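With the sequence shown counted from 1, adding 122 to any position gets you the working numbering.
Here's the structure, in structure tokens; my notes come after.
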Amino acid sequence: MEESPELLNKSVGGLAEFDFSLCERNHALKRQMDGEGFGKLFENMTKMTSSGTTIVGAIFQDGVVLGGDSRSTQGNIIANKKAMKVHYLTDRIYASGAGGSADLEKVSQIVSAELRLFELNSGLQARVVMAVRRLRQYLFKYMGHVSCYYLVGGVDPTGSHLFTVKASGNALRKAVEAEGSGSYCAVAELENGFKPNMTEGECVALIKKGIEAGMRGDNMSGNSYNIMVITAKGLKKELGIKPSFAKEEKIENQFKFNAESLTVLSKRVQAAL
123 MEESPELLNK
133 SVGGLAEFDF
143 SLCERNHALK
153 RQMDGEGFGK
163 LFENMTKMTS
173 SGTTIVGAIF
183 QDGVVLGGDS
193 RSTQGNIIAN
203 KKAMKVHYLT
213 DRIYASGAGG
223 SADLEKVSQI
233 VSAELRLFEL
243 NSGLQARVVM
253 AVRRLRQYLF
263 KYMGHVSCYY
273 LVGGVDPTGS
283 HLFTVKASGN
293 ALRKAVEAEG
303 SGSYCAVAEL
313 ENGFKPNMTE
323 GECVALIKKG
333 IEAGMRGDNM
343 SGNSYNIMVI
353 TAKGLKKELG
363 IKPSFAKEEK
373 IENQFKFNAE
383 SLTVLSKRVQ
393 AAL
């Protein structure tokens, strides 16, 4: 069965409400590729990807606390057990990131460099809204194709701020928030325990509960987690925190080779320059 060109080339309509025009086109493409033997390829192309992350943030009376787990995944494989998901922007502004590791690292570096140049040229401290604005401008150009979801938090002369920035370029001001595949579990703890004007200790305890809930409920989040406490006085770090339910990893099959098992064929000694 050959699909009509009008259906295959269908564009998004100009409706004010949600538009599902492309659903018919996608079904037609699937039918055509099935007939040509490429149906499996189409399924892989349109498959949703999990960000495999739990990142959280909350405001307290003197600053902001950001945190994230340390598991970086590549499909069903744990690629990195000690990934740092809280990215540096300035000395008083950090961003927890969910999405693609390479995208998050590079976009964070670009915005961090721009903020630093502003501080050097003006002699002023960069504002949190400036970081959010630059992230929004950069990400909006790519319409979601750059896989970056941020929780931007920091302290500046106007106070303590926390924003969520989506890959589409949308941003919202928040008092407490979670992102990533483990956010469904984390946000339940955060919303249940959050209250205005928390102390630093209360906020850190809440962030820990949120991250651990995400790690417990999402197998793409795990291993350990890191927390950054940002205040006007500076930065406090808690790194490599392991929850009580995490199993101790033991390295098995450590082989020790006998030094005499290898035969030395020749030796040469050369003086260092």
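We put the CB at the ideal spot given by N, CA and C, even for glycine.
If you're wondering where the values come from, they're calculated on a predicted model, not measured in any experiment.
Quick check on this structure: which residue in N148, G174, T280 and D156 has the alpha carbon closest to the alpha carbon of I333? G174
Less than 8 Å between C-beta atoms, sequence neighbours within five positions excluded: which residues of the same chain meet that for N241? For the record, residue 241 in the displayed sequence is Glu; it is not Asn. Excluding sequence neighbours, E241 sits near T212, Q247 and A248.
Continuous alpha helix (DSSP H) stretch holding F240: start and end: S223 to S244
Taking 8 Å as the threshold (C-beta atoms), are R255 and G291 in contact? no
Between the beta-carbon of G179 and the beta-carbon of L284, is there less than 8 Å? yes
Which residues does DSSP list as the beta-bridge partners of Q196? I199
CA-to-CA distance, S346 to A327, given in whole angstroms: 15 Å
Over what stretch of residues does the beta strand (DSSP E) that includes G344 continue unbroken? Element bounds for G344: n/a, residue is neither H nor E.
With a threshold of 6 Å on Cβ separation, who are the neighbours of A138 within its own chain once the five nearest residues in sequence on each side are excluded? With a pLDDT of only 46 at A138, under the threshold of 50, the placement of this residue in the model should not be trusted, and no figure is reported.
The alpha helix (DSSP H) enclosing F262, as first and last residue numbers: V250 to K263
What is the residue span of the alpha helix (DSSP H) that A393 lies within? That residue, A393, is in no alpha helix (DSSP H); it is neither H nor E in DSSP.
Looking at the unbroken alpha helix (DSSP H) that takes in G315, where does it start and where does it end? S305 to G315
Report yes if the CB atom of S218 is closer than 8 Å to the CB atom of A205, and no otherwise. no
At what residues does the beta strand (DSSP E) containing F367 begin and finish? F367 -> no beta strand (DSSP E), and no H or E assigned at all.
Going by the CB atoms, is the gap between I200 and G190 shorter than 8 Å? no
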